[in-house]
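Counting in the working numbering, the sequence shown runs from 149 upward without gaps.
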Amino acid sequence: MTTPRRNERGKLRLEKLFSPKGFLLRAALIGLCFLIVHAAGWREHTTFLTGTPADAATSMNQTILFGVVYLVAYFSFVIVAPILVFAAGIFALANLIFAKQAQQATGS
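Here it is in structure tokens:
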């Protein structure tokens with residue numbers, strides 16, 4: 149008897165992940181992650197791209213780690229988050245249109 153419940157939970161999770169609210173939540177999470185790494189000052193660690201450490205107190209390995217994390221957060225914020233916001237808007241609009249069509253079909 150537990151198998152249908154697992155399938156129902158999985159379906160419910162999938163519906164929450166692929167919804168306008170889920171997309172906006174992920175975009176906000178990306179923005180929050182970028183805000184944290186930017187406020188921590190990890191932008192200066194992107195100097196590993198030129199082969200120089202950020203300062204004498206940090207090792208090159210630490211500079212590379214912080215720099216890569218910052219770059220991933222930055223490109224996610226600049227590229228992925230706006231796509232998620234646009235997708236949420238399109239998805240919400242499509243849901244609205246399909247809901248109106250379904251209402252008209254059942255009402256007629």
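Where a beta carbon is used, it is the ideal one built from N, C-alpha and C, also for glycine. All values derive from a computational prediction rather than experimental measurement.
query: Would you call Leu-244 buried or exposed, if buried means 16 or more other Cβ atoms sit within 10 Å of its Cβ?; result: exposed
query: Which first and last residues belong to the alpha helix (DSSP H) in which Phe-214 is found?; result: 208-223
query: Roughly how many angstroms lie between the CA atoms of Thr-198 and Ser-167, to the nearest whole one?; result: 41 Å
query: Which same chain residues, not among the five before or five after Phe-225, have their C-beta less than 7 Å away from its C-beta?; result: Ile-178, Gly-179, Phe-182
query: Give the DSSP-derived three-state secondary structure of Phe-182 in the structure shown.; result: helix
query: Check Met-149 in the structure and name its three-state DSSP category.; result: Because the pLDDT of Met-149 is 46, which lies under 50, any placement of that residue in the model is unreliable, and the number read from its coordinates should be weighed accordingly. Coil.
query: Can you tell me whether Val-220 is buried or exposed, with buried defined as 16 or more other CB within 10 angstroms of its CB?; result: exposed
query: Under a Cβ-count criterion, where at least 16 other Cβ atoms within 10 Å of its own Cβ denotes burial, should Lys-248 be classed as buried or exposed?; result: exposed
query: At the level of alpha carbons, what is the spacing between Leu-232 and Leu-173?; result: 9 Å
query: Less than 7 Å between the beta carbons of His-193 and Ala-205, yes or no?; result: no
query: Using only the alpha-carbon positions, how far apart do Pro-230 and Ala-236 sit?; result: 10 Å
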